[in-house]
Each structure stands twice: as structure tokens, then as C-alpha cells.
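In the UniProt record's numbering, the protein residues as written are 1 to 487.
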């Protein structure tokens, strides 16, 4: 059994030599908060390689393998990695009071010359790397190491053993991001260092580490099943039933990997709820554009394109991207990504069923009138036959009951003895009285909460005047409660 030494209970310390983006600090890689750990580490957009991330351990460790996930919101930016180790002891030890909580390790970082290069890799289209130590042997009481085969989608690279202390007596591990693709951002989504205490550690340290590992075993399943997809996907049969149930964090990581790059904001690398097309041809989210405009206004500058710096003019303005918005909404509806929500009303309005706006069937009423001389019986039969046609087999039982109750309520107020089939008016706009039909030109039709319909021009006039009320019943309504209907 090897342990993940980057878990917070083993008190690692981490440091980066470059500025990190807000919410994506390097401390997220060893954080106890699962939300922060899912964000990972990312530098500011203007930072260029090389970027160093140094992990310091409170005791000497023997490295078995290093798992690195470099995905950033579904994209792959990092193409070059180098691994360095150092055996110089740090001032913070396992039993020292200053090492009780994980945090930055800047004060105890050794000089550059103290590090030894033990691994290097160049990536093409891969975003997950496993550096493994071929000569690693587990010692009691940690038991033998489980053999795992790397996935074909993961780059497997062996660590170089450059002396007795390069891999068997490691105190500091330095990860260097040497290359990124184009204008990519250096980032690390997840970091895991699997190993065991070194031979030089005292028995007291070994017993204490083993006790911490055994206590965290029931709560933290990552000790038995590594959270990286490249390891958990290789041996699914070895997991118990409780471990096979993915957590929300693992589901989020798996879904985000499948997000198309065009759905991500190039600045924040998050899914765009409201994409805006800039004059430069780039697409960013509306909230990101507003933040950029506020930042420009703080310095007394006019709103401009974040990518080119060219100020907006009346003839060159950011515009909504409806086709991309439709694809993003469809993707979110299909995948249901945790933490991502479609824009819309806060409370779910009454669902509009296809039959609630159905046109009255005149053809059916004429046939019933021909077969039944009694106009009253004919109209009653036609009413019930029309209702039966509207209730399709796919309609839910709850919806069918509501439709039946509504039809019975309408029949109580209807004088069927004097009603003629041709006198039933079709749906029309409550404001301009324009009739809606299947032959109506392709113009949107909207339904108010009170049930009345409005055409697009009349709804636009209503939105200009506050408060908005229905012309027919004078009931007020909000713009987010208006539903679009289709004939």
C-alpha cells in the first residue's frame, strides 16, 4: 500500500514562483476543500513559462509514481514538463508545530543547484502524465504495491534514478512547466505523489504516518482508488461497490473533459452562459466582458475589445451569439454539469404542454354534427372527442387530469345548444387581436402567466412600459414568466 503524499493530512507544503489567478491558487492542489481542489492551479493569463511548482514534504519520502493531470476546463495547454527532486532537509519537520497545517513553502526552498533532474516529457495531444519509479519496492508495514497498467490515453514516463538520494530520499519535488501551446496558460488540474516514508525516517515518524493513513482510509477513498481518471479507469474491478459510486467531484472532472473548446471562455476557461461575439472575432462570456469594461473604466478608458484593445464604436459593437448559445444550452441540458446552470427564471413556471395551445378541430366537429341530428349532442360529443385527441399516450397522468378538469370547467360555461362550429374563434393576440394559426407567418408567439397570448411586437411594447400588465385581464406579469409557445 502506497500513500498519496499530497493529501492534506500528510502536511505537505507548496509554493509557486509565479502569480496565480484568483480562485486558482497553487494551494488548491493540496487543499482540504474539495471545491478548491477541483479548481486546480492556474497562473495569470500573462504569465509565460517556465513556471515552477515546488512541493515540500515534512519527512523524507521514497517516490513510487507521480500523477499529473494538466487539463484546464477540457482543453490542453501544457506540452512540456520536467521533474526535479532535492534531498536537502527543510526546517519544518513532521513533528514540528509549524508543520501542522499545509501551506506555502517558500522560506525553506533550497537553491536551484540542489535539485536533480529526474524526468522530462513532451506532450502532443495528451493531458495526463504518470512518472513511475521502476526500482520502487514497498517495505513493511506499508505492504506490497498493487500493479496498475496505465491507460492508453495517459503518457507513461519512467523517472531517472540519479544516485541513492534522487528518488529514495526526496524532501522537495519541483515540477517545471517548460512549454505551453500557443497562448495557453500554465496550469495543473490535479497532482498526486504516491510513495512511502524513506528508509532514513525514524520509527516514530513511520508509525505516525501509518496511523494517519489508516485513520483517513475510511473517509478518503483516494488512498485505495486514486482520483486520477488514468488510474481509476484501469482497474475498475478492484473497487468495492461503495467506491464505484462516483462522487460529484469525479463526475464534474469527467464531464468537463468532454466540454467542446468553443463552449469555454478563452479568458476564464469556464462555460459561457451568454456568449458574446467581439469585433475581433473572439467569443467571450457577457460577464467577462462586463468585468473587462469595469476594469477599463477604473482607469478612465472607454470599453474596448479585450484581445485587440480597439475601442467599441457604434458600428463595431459586441453582439450576442445565438447559435453558439443554443449549442451550449443543448450541451448543458444533455450533460447536467454540476455548478453550471442555464440562464432563465429562478422559479420554474408552469410547464406548457403541447395540447394547451392546440387549435380547435373544426373538421371533427363537422363529422359529429353530420352523424348526430341533435346539435346539442353533436357539439358535446365533438368537445369530448377533441379532448380525447389532445391527450396523447405520452402525456403524463397528472397533465391529463389537469386537461380534463379544464375541459369540464369550460363545458359548464358553454352554451352548446346555440354554438355553431364556425363561430369558435381561434387563438389571437390579446392586444392587437391578430389571429394565430398554423398558416401564421414565422413570428414568435408568447403566453402570459394568465393564459393570454401576445405577439412579439405587442410584447415589446409591453416591456417598454412598467409595470407590465395584460391587456385582456389587466393582471401584472414579469418578463421572466413569459413563455414562448409553438403551433
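All C-beta atoms, glycine included, are put in the ideal place defined by N, C-alpha and C.
Please report how far the alpha carbon of residue i lies from the alpha carbon of residue j, in whole angstroms.
i: residue 469; j: residue 460; result: 12 Å
i: residue 412; j: residue 430; result: Reliability fails at residue 412, whose pLDDT of 48 lies under 50, so the model's placement of it is uncertain and no value is given.
i: residue 271; j: residue 261; result: 9 Å
i: residue 155; j: residue 51; result: 21 Å
i: residue 435; j: residue 278; result: 39 Å
i: residue 135; j: residue 160; result: 10 Å
i: residue 131; j: residue 67; result: 7 Å
i: residue 17; j: residue 41; result: 13 Å
i: residue 296; j: residue 290; result: 10 Å
i: residue 207; j: residue 174; result: 27 Å
i: residue 87; j: residue 142; result: 22 Å
i: residue 53; j: residue 77; result: 16 Å
i: residue 346; j: residue 473; result: In this predicted model, residue 346 has a pLDDT of only 49, less than 50, meaning its place in the structure is not dependable enough to derive any value.
i: residue 80; j: residue 124; result: 9 Å
i: residue 137; j: residue 34; result: 31 Å
i: residue 120; j: residue 85; result: 12 Å
i: residue 29; j: residue 6; result: 8 Å
i: residue 310; j: residue 476; result: 43 Å
i: residue 273; j: residue 115; result: 45 Å
i: residue 293; j: residue 320; result: 16 Å
i: residue 225; j: residue 300; result: Confidence at residue 225 is low in this model, with a pLDDT of 39, below 50, so its placement is unreliable and the value that follows should be read with caution. Taking the straight line joining both Cα atoms gives about 53 Å.
i: residue 223; j: residue 326; result: Reliability fails at residue 223, whose pLDDT of 38 lies under 50, so the model's placement of it is uncertain and the value that follows must be treated cautiously. Rounded to whole angstroms, residue 223 to residue 326 spans 42 Å at the Cα level.
i: residue 282; j: residue 25; result: 27 Å
i: residue 335; j: residue 322; result: 20 Å
i: residue 478; j: residue 298; result: 34 Å
i: residue 60; j: residue 49; result: 29 Å
i: residue 428; j: residue 486; result: 13 Å
Given a threshold of 16 other Cβ atoms within 10 Å of its Cβ, counted over all protein chains shown, does residue i qualify as buried or as exposed?
i: residue 462; result: buried
i: residue 177; result: buried
i: residue 189; result: buried
i: residue 432; result: exposed
i: residue 330; result: exposed
i: residue 62; result: buried
i: residue 37; result: buried
i: residue 275; result: buried
i: residue 484; result: exposed
i: residue 198; result: buried
i: residue 168; result: buried
i: residue 316; result: exposed
i: residue 443; result: exposed
i: residue 211; result: exposed
So what does residue i bridge to, in DSSP terms?
i: residue 129; result: 68 and 155
i: residue 176; result: 52 and 82
i: residue 313; result: 316
i: residue 3; result: 195
i: residue 283; result: 277
i: residue 188; result: 41
i: residue 116; result: 85
i: residue 134; result: According to DSSP, which records beta bridges pairwise, residue 134 is partnered with nothing at all.
i: residue 271; result: 264
i: residue 306; result: Note: residue 306 sits in no beta bridge, so no partner.
i: residue 476; result: 469
i: residue 484; result: 446
i: residue 121; result: 81
i: residue 170; result: 61
Candidates the options: which alpha carbon is nearest residue i's?
i: residue 482; options: 458, 448, 434 and 472; result: 448
i: residue 64; options: 15, 193, 281 and 182; result: 193
i: residue 45; options: 163, 267, 333 and 179; result: 267
i: residue 284; options: 130, 132, 305 and 124; result: 305
i: residue 213; options: 453, 2, 476 and 457; result: 2
i: residue 187; options: 13, 71, 124 and 118; result: 71
i: residue 480; options: 446, 473 and 471; result: 446
i: residue 83; options: 32, 281 and 158; result: 158
i: residue 9; options: 209, 25 and 123; result: 209
i: residue 183; options: 328, 43 and 475; result: 43
i: residue 14; options: 56, 312 and 198; result: 56
i: residue 58; options: 326, 196 and 28; result: 196
i: residue 23; options: 215, 269 and 204; result: 269
i: residue 69; options: 169, 324, 127 and 265; result: 127
i: residue 21; options: 47, 12, 467 and 202; result: 47
i: residue 287; options: 299, 451 and 264; result: 264
i: residue 280; options: 139, 332, 328 and 313; result: 313
i: residue 166; options: 117, 302 and 32; result: 117
i: residue 558; options: 427, 259 and 298; result: The structure shown does not extend to residue 558, since the chain spans only 1 to 487, so no value can be given for it.
i: residue 31; options: 211, 171, 191 and 180; result: 191
i: residue 139; options: 171, 162, 303 and 203; result: 203
i: residue 458; options: 450, 172, 471 and 451; result: 471
Minimum length 4: unbroken alpha helix (DSSP H) runs contained in the segment 9-71
Counting only runs of 4 or more, we get 34-39.
Q) Whole alpha helix (DSSP H) runs in the UniProt domain "RING-type" (429-474) with 4 or more residues, listed along the chain? A) Every unbroken stretch of the alpha helix (DSSP H) spanning 4 or more residues and falling wholly within the UniProt domain "RING-type" (429-474) is given here in chain order: 456-464.
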